[in-house]
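For my numbering, add 11 to where a residue sits in the sequence shown, where the first one is 1.
Even for Gly, the Cβ is constructed at its ideal location relative to N, Cα and C.
Since the model is a prediction, treat every value here as computed from it, not as a measurement.
This report concerns only the one structure given below.
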Amino acid sequence: LAWRSANPDRAVLLDRLVEGKLPDGWADALPVFPAGKSVATRAASGDVLSSLAGVLPELWGGSADLAGSNNTTMKGEPSFIPAERSTHEFAGTQYGRTLHFGIREHAMGSILSGITLHGLTRAYGGTFFTFSDYMRGAVRLAALMGVPAIYVWTHDSIGLGEDGPTHQPVEHLTAVRAIPGLDIVRPADANETAAAWKATLERTDHPVGLILTRQNVPTFPRGEEGFASADGVARGAYTLLEASTGAPAVILIGTGSEVQLAVAAREQLEAAGVPTRVVSAPCLEWFAEQDEAYREQVLPSAVRARVSVEAGIALSWHKIVGDAGRSVSLEHYGASADADTLYREFGITAEAVVAAAHDSIADAARGGTPGTAAVPTQSGTGDL
């Protein structure tokens, strides 16, 4: 009682943390990103973290020696280190919020679980997505235990460019989605990234992996030109753009940086008289949690012509697109080149989505052929 009387603000904070509640109005601190400017989702994530630092003192984290690339450092926040080890470059104290895990992805995953299991705080840790392999055991145990750790996995596709195939995730989205109890969220733009952080922090029963781009992606004009708000992220998938007239003839489903390709393909298909819906599906796990009515609203069973587009293997998508569907995907390792060249040469383009849409429409009319994949563009081979 004496401590509470002497520290009323801290007592209120402690009570909130013990109850596991977020503060009233905390989401008002989330940034809103204007349309018309391209922003990497990793950069948007960094802005979100810095914006939340002042309202969520329980949030802290860092990176496995890639903080500058992962954008995991909250601006102005000191390091978590003994005061006597503080340096000009890494100033900090025992109460610092910036964690330096070192090049130890597995240890980072384990430490995040330990911090979170202790209670009261939420911890996050970042690295390149391809290095999620090194921490898989720790991630799996977090999923098994229902520990709400947060993994910030950036450089999520061949879009990272010149680092080449050793660093370019190809099978990783499917691999992490295969872990039961792990939610994988791949936002399409900056505002989806903010919404993804909001939904992640509101959930406390699963670990979450945020899958973020190195390269800039367009920020969609939410609430204008037919674009829906990013609030649908919390439901896993939502209609980003509706077909111009009546029921859609085909549904294009994308995640992350490839949603822009679905949007561009829709424009071409609509111009050709094909009513086309675009669905952004940042989290298949959250979408699977929704009731049947909502899932039917977004992906009506009557529309069998469907195309998924994602810069990784298509194994995650067969149950979504169905027998008449197509997947524009990457079924081989990448190469060292700039992002635009890689997407073009490997056939992950708006034109490939359009071609796949026409194939799917025709196949749906015939009744569908199980297991048929999208036909790659002329340059869509494993060689560059």
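Which residues DSSP lists as bridging residue i, in chain order
i, result
"Arg133", "Leu70"
"His5", "The question about residue 5 has no answer here: the residues shown for the chain are numbered 12 through 395."
"Trp164", "Thr138 and Ile222"
"Thr104", "Phe91"
Euclidean distance between Cα positions of residue i and residue j
i, j, result
"Gly257", "Ala154", "42 Å"
"Gly391", "His166", "Legend: pLDDT at Gly391 = 48, less than 50; position of this residue unreliable, no value from coordinates given."
"Thr266", "Glu321", "6 Å"
"Asp370", "Asn202", "32 Å"
"Ala373", "Gly284", "15 Å"
"Trp164", "Trp297", "18 Å"
"Gly125", "Val158", "9 Å"
"Thr388", "Gly323", "Model confidence at Thr388 stands at a pLDDT of 43, short of 50, so the residue's coordinates are unreliable and nothing is read from them."
"Leu353", "Ala361", "14 Å"
"Leu212", "Val270", "24 Å"
"Pro191", "Tyr305", "23 Å"
"Ser291", "Trp14", "50 Å"
"Val386", "Ala260", "Its pLDDT being 49, under 50, Val386 is placed unreliably in this model, and the coordinates cannot settle the point."
"Thr127", "Ile161", "10 Å"
"Ala184", "Gly103", "First, the amino acid is wrong: residue 184 is Leu here, not Ala. Cα to Cα, the separation comes out at about 35 Å."
"Gly393", "Val318", "With a pLDDT of 48 at Gly393, under the threshold of 50, the modelled position of that residue is not reliable, and the figure given next carries that caveat. Approximately 21 Å, taken between the alpha carbons."
"Ala207", "Arg96", "35 Å"
"Val219", "His129", "18 Å"
"Asp351", "Asp302", "38 Å"
"Leu77", "Tyr145", "15 Å"
"Ala239", "Thr250", "7 Å"
"Arg337", "Ile359", "13 Å"
"Asp20", "Leu280", "58 Å"
"Val365", "Val244", "25 Å"
"Gly72", "Ala368", "42 Å"
"Asp349", "Ser168", "12 Å"
"Asn18", "Gly31", "20 Å"
"Phe112", "Thr98", "17 Å"
"Leu11", "Asp58", "For the chain, the structure presents residues 12 to 395; residue 11 sits outside this window and is missing."
"Glu173", "Trp328", "28 Å"
"Ala282", "Gly79", "42 Å"
Of the residues the options, the one placed nearest residue i, counting alpha carbons only
i, options, result
"Glu182", "Glu342, Arg21 and Ala248", "Glu342"
"Phe44", "Val187, Gly234 and Leu24", "Gly234"
"Ala199", "Ala348, Val228, Glu173 and Gly57", "Val228"
"Pro286", "Ser49, Leu252 and Leu110", "Leu252"
"Gln179", "Thr185, Ala186 and Gly170", "Gly170"
"Gly148", "Ala186, Ala210, Gly243 and Ser268", "Ala186"
"Thr138", "Leu152, Met156, Arg151 and Ala118", "Ala118"
"Ser74", "Ser143, Ala17 and His99", "Ser143"
"Leu152", "Glu173, Gly172 and Gly120", "Gly120"
"Leu131", "Ser268, Lys330 and Leu28", "Leu28"
"Lys209", "Ser16, Leu12, Val23 and Ala38", "Ala38"
"Leu193", "Ile222, Phe91 and Leu110", "Ile222"
"Tyr106", "Phe91, His99 and Glu100", "Phe91"
"Ser347", "His99, Gly175, Phe112 and Arg277", "Gly175"
"Ser6", "Ser312, Asp26 and Gln226", "Residue 6 lies beyond the range of the chain shown here (12 to 395); nothing can be said about it."
"Gly237", "Ser255, Glu100 and Ala325", "Ser255"
"Ile156", "Ser312, His217, Glu173 and Gly36", "Per the sequence presented here, residue 156 reads as Met, with Ile not at that position. Met156 has its Cα closest to that of His217, out of Ser312, His217, Glu173 and Gly36."
"Ala248", "Glu307, Glu278 and Thr230", "Glu307"
Beta-carbon spacing of residue i, residue j below 9 Å
i, j, result
"Ile262", "Arg246", "no"
"Val332", "Ala363", "no"
"Thr83", "Leu67", "no"
"Gly136", "Ile122", "yes"
"Ile264", "Ala275", "no"
"Leu310", "Arg188", "no"
"Arg108", "Pro93", "no"
"Thr141", "Thr177", "yes"
"Ala46", "Pro232", "yes"
"Leu41", "Ser62", "yes"
"Arg315", "Ala299", "no"
"Glu215", "Thr52", "What sits at residue 215 in the sequence shown is Thr, not Glu. For Thr215 and Thr52, no; Cβs fall outside 9 Å."
"Leu3", "Ala134", "With the chain represented from 12 up to 395, any question about residue 3 goes unanswered, as that position is not in the structure."
"Pro293", "Val196", "yes"
"Met85", "Ala64", "yes"
CB contact below 9 Å: residue i versus chain C
i, result
"Ala335", "Among the chains of the structure shown, chain C does not appear; only one protein chain is present."
Note to self: Please give the ranges of any alpha helix (DSSP H) in the segment 28-81, keeping only runs that are unbroken, at least 4 residues long and fully inside the region.
What the structure shows: Taking only runs of at least 4 residues, the alpha helix (DSSP H) segments lying wholly in the segment 28-81 are 52-63 and 78-81.
Note to self: For a minimum of 4 consecutive residues, which ranges assigned as the alpha helix (DSSP H) are wholly contained in the segment 246-295?
What the structure shows: As far as the segment 246-295 is concerned, its whole alpha helix (DSSP H) runs of at least 4 residues are 270-282.
Check: Which whole runs of the alpha helix (DSSP H) in the segment 172-235 are 4 residues long or more, in chain order?
Finding: Those alpha helix (DSSP H) runs which fall completely within the segment 172-235 and span 4+ residues are 183-188 and 201-213.
Next item on the list: Mind listing, in chain order, the continuous beta strand (DSSP E) runs of no fewer than 3 residues lying wholly within the segment 288-374?
Entry: Fully enclosed beta strand (DSSP E) runs of 3 or longer: 317-320 and 337-339.
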